[in-house]
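Inspection log for the structure reproduced underneath, given as structure tokens.
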Amino acid sequence: MRLRLPVRGPAALKVLAAAAAAAAPVELQWGSPARERAPPGPGAAPTLELESGALLFSPNAICQFFFLRRGDASTDLGTQWLEWEATELQPAATTALYGRLVLGRTMAEAVGVLREPLTHMEQSLARTGTAFLTGEAPSVADVVVWGTLFPVLQEESSVPAELPALRTWFRTMTLSDPCRAAADTVLVPTALSELTSHLRQQPGPRGAGAGAGAGSGSPAPSPASPPEDEGSERVLTEAEIAAATDAWARGAAALPKPWRPQTPVLPVEGMRNILITSALPYVNNVPHLGNIIGCVLSADTFARYCRLRNWNTLYVCGTDEYGTATETRAVQEGLTPREVCDKYHRIHGDIYAWFGISFDYFGRTTTPKQTIIAQDIFRRLLARGFLLQDTVEQLRCQLCCRFLADRFVEGTCPMCGYGEARGDQCDKCGKLINAVELKSPQCKLCKGVPTVNPTEHLFLDLPKLQQPLEQWLELSWASGHWTPNARHITRSWLREGLRPRCITRDLQWGTPVPLDGFRDKVFYVWFDAPIGYLSITANYTDQWERWWKNPEQVELYNFMAKDNVPFHSVIFPCSLLGADDNYTLVNHLIATEYLNYEDGKFSKSRGVGVFGDMAMDTGIPADVWRFYLLYLRPEGQDSSFCWSDLMLKNNAELLNNLGNFINRAGMFVCKFFGGTVPSMVLAPEDKRLLARVTLELHQYHQLLERVRIRDALRCILSISRHGNQYIQVNEPWKRIKGGEEDRQRAGTVTGVAVNMASLLAVMLQPYMPSISSAIQGQLRIPPDCFVLTHTFTCTLPHGHRVGTVSPLFQKLEPERIEALRKRFGGGQAKQTPPAPQPPPAPQPPQQELAIATGNSPEVLAPHGKQQ
Amino acid sequence: MAAAARPGPGVEELVLLEKLLGLPKGSKYGVQGERKVPVLQTNNGPGLTGIMTIAGYLVKQAKKEQLLGSTAEEKAIVQQWLEYRVTQVDGSSSKEDTRIILKDLNIHLEDKVYLAGNIFTLADILMYYGLHHVMVDLTVQEKEKYLNVSRWFNHIQHYPGQNTEGCSSCGRICGPFLPH
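Respectively, the protein sequence lines represent chains A and B. Heads up, the first sequence is in this note's numbering, so the first residue is 587 and it goes up one at a time. Heads up, the second sequence is in this note's numbering, so the first residue is 1499 and it goes up one at a time.
Written out as structure tokens, the structure reads:
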């Protein structure tokens, strides 16, 4: 839990005291929050970031949370004190403090302001005869009230003598350990001037100096409202309006021709050459929504954007196919590993095709090219002295004549005694197990008893590579976009110091190790799998080295979920740095957080959740899935897939906002102007709109250049919102029935609106390619207009003929969504009970499962016990 | 935007809440002080004071504790928005205050169905009551500007059956809060 304290004031005092009193483990941060996470309410309020990613910004709620977390129940009396504190005490205390610090009033005057609430407390304490506000033990109410009073009163002697019960209470609280510690932390000598200057910046509290802050009920000086400079809210300059008008007039002829690369796409001298990969999904799992947004969909959206920018772009991905899991699956399904891979590779391919993922090539890791390239890197590492050899104790089945990988052993858990523990983990107690520690181990294939034998393995000498790695990282971080989580995870790996990592395994299904003494072994997946990026490209083009050994010309973007970061930021770069062959190393590492499902945790064992193939037969179009997943993209923090929210976003944003605008614009052209774009005479209002749209477009570029995919989507929705408002205000459907001037106005508004729709079609293409092409068809937008620049120009001029216009989106009904929720919730969702209306009281979703984004950890994660 | 402090807030909406919760009629309410803070007479003790406090008590009486949140996190979030309601919303006295509230809420609701995320709680009910007079007076432009708040308000008021027929003359999909 991260607790942020912007100002050393009463709010900081109470939350710190509460954290100490309830023993809450908080990570303290002083200073203002980042703008994007600024909470509502007073700007100087402390914030607590909860594990769910939610933010508490009310000091009282934060205090309450600490006590609830500890197990204290909330009582009516406690709530009443908290409410009283917020509505009665705080306004008065703020006035008193403002008077003391800013206006230089005396303590007596300050206490005078507080007279009424202090008397209320005295009466209550005296009446109940208890030591504390809600009973004989201090509760959250005491801490909250004390935190507000202490900065004003400071000393027990400030409490008027005729309030003895209050005096005693105040002394007891002030002397308690949590309160004393909080006061020592918060009210350091510099704090007073900090607080004074903070109060000075606030408008004076209502009724300051006019006695108790009664009347207004406002708890604090209202926050200085931030200047309206954010995005579309800010005021346009004349220069911006003039520039937008000029750009508009230049028309489609001013657009650059869309770049159409040759196949295969190869780097071009003088162009921006962008190489995009998304983490290779493990072949024997059907990808779920989390995998899709974490890797392939994010990378696809960005690749499409790059192509629209006329950047020379190659996007490759493929299935990761070697490893134990495939061998185990093959045994289960009675197939060969090759047959298993063929089967699942096709399933993956079909799902991504359905989602409209625009790979330039979707390959696989089990190819001869993989063997050639992986063995080459291995030999180079060996030659340069970056490999170590060591002996590892491992189970060997004499009957099968093989060393047993963890998943091929079962036995009794050494920790809990569970009889069917696996070689790597016990399903019952969840503890990680080292296979040789299993009691009465059994070979999973023949049920024979394995014995412990020493076996030789090879290790990558990471400690030797740490220094070159750090040098390279410094450069990459200075020039590239790495998401904060990627930097953070990498830093923590480096801080702990790198250890040698085993790169070989006793398996058959893998890339053979080309070294005597190791011929019966294969490379461990995490060494082998990232090399898949290179070999997959090699299967796409013989000139793959022009992408992968060309750091001067190529910019590499890796997309993944955060669990895959170390393999892309530490281990794979070490392999490539050690192999020393002028490899292209990652410039931009884009990692997502996790996508949860209906606020719950992922339960793979129960086999529930929304998977790629199921999404196909929900009847919800792929583009709506794309939209919602991108709208939710866990950028910066985890997010949750929620059926009712999907419905809401579809109905509110796609149907009501975006679809509504585009449809109306096209429909007006058809209905009022016979399908031909009318002539436009721009009024000042229209020019302002052009500038407004241009501003959003700039924002969209700025965000996408930094791969803030989710945030950039808001710009699109914001443009259509401006468009809807423009139509609402100008009412072309009324003006078309008016005189000459009104009809011209209707024409201008319709023309500008349909051109905005045309721009939206292009901006939308990375997010919703089918919808984009549907708009293109309906409005007959020339293919050459599908290029993105920083200007909004008139692409559908007077005289342009549009096609047949029809609605783009369908409403999702609650019944249908409820049915889907039940279907995918593992049959555990309960019927929403009949609720009083309005408002109703729907039950929280009952089923609990989350989807980990990206690949399951074993894709690239070694089990790490052979080190 | 009319946003004058409402006279004697509280008792009326607590009676509405009782009805909504399916509680029997007949509670005795009084008011206290200049701000007319509601007071509920209970069988024992000095009664309960304040909207948050009484509303929480009523919810428990009606055995609908889930409206207060089930985990510590949810409970704290509900508490926070109830407090926001009784301090910021009830304390607003100018257009500027109302604007800030709508702006805050609009940002907060951008990625949420309800105030506490994906669960419907007492915070939604009290915020709905507290903002009703503001929402019904918003202009078309303001509704567009505070789209997430409009959406939330609409959702609370009209769940589950919204009217979203396309309008025959303007093509707009008209809901109660998106008139053409």
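Using N, Cα and C, we set each Cβ at its ideal position, and we do this for glycine too. Nothing here was measured: the structure is a model prediction, and the numbers come from that model.
Cβ separation of residue i and residue j, assumed to be a contact under 8 Å, to the nearest whole Å
i       : j       : result
A/N859  : A/Q1139 : 5 Å
A/Y1169 : A/W1133 : Contact doesn't hold; Cβ gap of about 10 Å is too wide.
A/F989  : A/R982  : 5 Å
A/G997  : A/Q1028 : 6 Å
A/L1244 : A/L1303 : 6 Å
A/E708  : A/A751  : 5 Å
A/K1107 : A/T1090 : 5 Å
A/W1095 : A/P923  : 4 Å
A/L773  : A/R1212 : Their Cβ separation, rounded to whole angstroms, is 53 Å, which puts A/L773 and A/R1212 out of contact at 8 Å.
A/L967  : A/L1046 : 7 Å
For residue j and residue i, the rounded distance between their alpha carbons
i       : j       : result
A/A833  : A/E635  : 45 Å
A/N898  : A/R846  : 9 Å
A/R1219 : A/V1172 : 22 Å
A/M587  : A/S644  : 15 Å
A/H1384 : A/W1319 : 19 Å
A/S1392 : A/M1253 : 8 Å
A/D992  : A/D1010 : 5 Å
A/G1413 : A/R1407 : Caution applies to A/G1413, whose pLDDT of 37 falls short of 50 and renders its modelled position unreliable; the model cannot decide the point.
A/N1150 : A/Q615  : 28 Å
A/A1021 : A/P1040 : 13 Å
B/Q1559 : B/I1617 : 20 Å
A/L1241 : B/R1649 : 13 Å
A/L1093 : A/Q1223 : 38 Å
A/L599  : A/A607  : 12 Å
A/Y1126 : A/C1301 : 36 Å
A/L654  : A/F756  : 24 Å
A/G1260 : A/V1388 : 9 Å
Beta-carbon gap between residue i and residue j smaller than 8 Å
i       : j       : result
B/A1621 : B/V1587 : no
A/R1331 : A/N1316 : yes
A/R970  : A/G1164 : yes
A/P632  : A/A597  : yes
A/P1246 : A/N1310 : The amino acid occupying residue 1246 of chain A in the given sequence is Asn; Pro does not appear at that position. It is a contact, given that the beta carbons lie within the stated cut-off.
A/F994  : A/P1100 : no
A/L668  : A/P703  : no
A/G1363 : A/M1266 : no
A/L1398 : A/L1382 : no
A/P1264 : A/G1333 : yes
Cross-chain neighbours of residue i in chain B, by beta carbon under 7 Å
i       : result
A/N1125 : In chain order: nothing, as chain B lies at least about 40 Å away.
Amino acids of chain A, ordered along the chain, whose beta-carbon sits closer than 7 Å to that of residue i
i       : result
B/M1550 : T665, E669
Per-residue contacts from residue i into chain A (C-beta, under 8 Å)
i       : result
B/E1510 : Ordered by position in chain A, no residue passes the 8 Å Cβ test against B/E1510, which lies about 16 Å from the chain.
B/L1483 : The structure shown has nothing for residue 1483 of chain B, since chain B only spans 1499 to 1678.
B/R1649 : L1234, A1238
Residues of its chain near residue i, where Cβ-Cβ distance is below 6 Å and the 5 sequence neighbours each way are ignored
i       : result
B/N1646 : N1604, L1607, E1608
A/A830  : L1276, A1277, T1280
A/Y901  : I862, A889, F945, D946
A/Y930  : V869, N870
A/V738  : A679, A682, L683, A696
A/T1069 : I1176, A1177
Closer than 7 Å: residue i CB and nearest the ligand ADP heavy atom
i       : result
A/K1135 : In the structure shown, the ligand ADP is absent, as is every other ligand, since no ligand is present at all.
Sequence-distant residues of its chain with Cβ nearer than 7 Å to residue i (five each side left out)
i       : result
A/I878  : F941, G1198, L1215
A/S1121 : T951, T953, K955, Q956, I959
B/I1599 : Q1586, V1587, S1590
A/E979  : V1022, V1038, P1040
B/S1525 : E1516, L1538
Nonlocal neighbours in the same chain, by C-beta distance under 8 Å from residue i, ignoring five residues either side
i       : result
A/P1152 : I1075, T1076, W1079
B/Y1626 : F1651, I1654, Q1655
Chain B residues whose Cβ lies nearer than 8 Å to that of residue i
i      : result
A/A751 : In chain order: nothing, as chain B lies at least about 16 Å away.
A/L704 : Simply none; closest approach about 16 Å.
A/Q650 : K1573, A1574, Q1577
A/S644 : Q1577, Q1578, E1581, Y1582
A/A647 : A1574, I1575, Q1577, Q1578, E1581
Contact set between residue i and chain B, taken where Cβ atoms lie within less than 9 Å
i      : result
A/A609 : Near A/A609 there are no residues of chain B at all, since even the closest Cβ is about 14 Å away, more than 9 Å.
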